[in-house]
Amino acid sequence: MTITPRSNRDAALTAFLGKRAEIDTMLARLAALSDDHFNASPDAVNWGHVGTLEHYASLLRQITDSAFGEGEHAE
Numbered sequence: 001m002t003i004t005p006r007s008n009r010d011a012a013l014t015a016f017l018g019k020r021a022e023i024d025t026m027l028a029r030l031a032a033l034s035d036d037h038f039n040a041s042p043d044a045v046n047w048g049h050v051g052t053l054e055h056y057a058s059l060l061r062q063i064t065d066s067a068f069g070e071g072e073h074a075e
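The sequence shown: position 72 = 72 (full-length UniProt numbering), numbered continuously.
As structure tokens, then:
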């Protein structure tokens with residue numbers, strides 16, 4: 001089977017759309033978790049919860065910095 005430029009582009013588009021759907025699913029799950037206060041009861045929040053959210057924020061910051069050319073990815 002010969003791979004043509006057209007079939008290569010079609011395969012890339014299919015892979016791209018699959019990854020986009022994967023990201024959209026992860027974002028929706030994170031939004032729902034945030035809406036539920038990251039499963040933490042407001043009456044029981046402690047510094048451990050803060051540390052967990054700081055870790056999550058740090059990981060997300062790496063993604064947004066890369067996506068938007070900010071932070072260490074700024075030109």
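In this text, a Cβ means the ideal position worked out from N, Cα and C, and glycines have one as well. For clarity, every value in this text was computed on a predicted model and none was experimentally measured.
Report the rounded CA-to-CA distance for residue i versus residue j, giving the unit in angstroms.
{"i": "Thr25", "j": "Thr52", "result": "21 Å"}
{"i": "Leu60", "j": "Arg9", "result": "30 Å"}
{"i": "Gly18", "j": "Ile63", "result": "18 Å"}
{"i": "Ala12", "j": "Ser41", "result": "44 Å"}
{"i": "Glu22", "j": "Asp36", "result": "21 Å"}
{"i": "Glu72", "j": "Ser66", "result": "8 Å"}
{"i": "Phe38", "j": "Thr14", "result": "33 Å"}
{"i": "Tyr56", "j": "Phe16", "result": "25 Å"}
Identify whether residue i lies in helix, strand or coil by the three-state DSSP scheme.
{"i": "Asn39", "result": "helix"}
{"i": "Asn46", "result": "coil"}
{"i": "Ala67", "result": "helix"}
{"i": "Ile3", "result": "coil"}
{"i": "Ala74", "result": "coil"}
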